[in-house]
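full-length UniProt numbering puts the sequence shown at residues 1 to 91.
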Amino acid sequence: MDVVDIPQGELADVVKRLKRIEGQIGGIVRMIEDGRDCSAVVTQLAAASKALSKAGFAVVSTGMRYCSTNEDGESREVDLRELERLFLSLA
1 MDVVDIPQGE
11 LADVVKRLKR
21 IEGQIGGIVR
31 MIEDGRDCSA
41 VVTQLAAASK
51 ALSKAGFAVV
61 STGMRYCSTN
71 EDGESREVDL
81 RELERLFLSL
91 A
């Protein structure tokens with residue numbers, strides 16, 4: 001698949017999501033440092049992991065829109081194997 005530059009504005013929601021996740025991770029570190037209950041830590045880790053996966057899928061999905069058209073707005077062939085690889089890398 002060719003490299004596709006996704007306009008920065010298209011990923012604004014993803015950036016917000018990632019900043020939220022960054023805060024979550026900081027909170028998890030503090031929980032561990034404070035000796036919080038293991039189940040509470042694992043619950044927060046699971047939530048952060050799920051949020052990170054969603055952010056990854058949002059990037060791939062946005063990229064797919066830009067990969068499937070050229071600058072003229074015409075459709076172009078998409079490498080389905082590469083798309084599959086990207087999605088599976090998030091699993």
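All residues carry an ideal CB built from backbone N, CA and C; glycine is no exception.
(Q) Whole angstroms are fine: how far does the CA of residue 31 sit from the CA of residue 53? (A) If I take the Cα positions, the gap works out to 22 Å.
Q | residue 61 to residue 37 span [Cα, whole Å] | A | So the alpha carbons of these two residues sit roughly 36 Å apart.
Q: Under the assumption that residue 48 contacts residue 28 (Cβ atoms under 8 Å), give the Cβ distance between them as a whole number of angstroms.
A: The beta-carbon separation of residue 48 and residue 28, rounded to 7 Å, stays under the 8 Å limit for a contact.
Q) Would you report the Cα separation of residue 22 and residue 81, rounded to the nearest angstrom? A) If you draw a straight line from the Cα of residue 22 to the Cα of residue 81, it is about 31 Å long.
(Q) Give me the residue from 35, 55 and 83 with the minimum Cα distance to residue 65. (A) Comparing Cα positions, the closest option is 83.
Q. Hey, out of 24, 20, 87 and 34, whose CA is closest to residue 43's CA?
A. Nearest option by C-alpha distance: 24.
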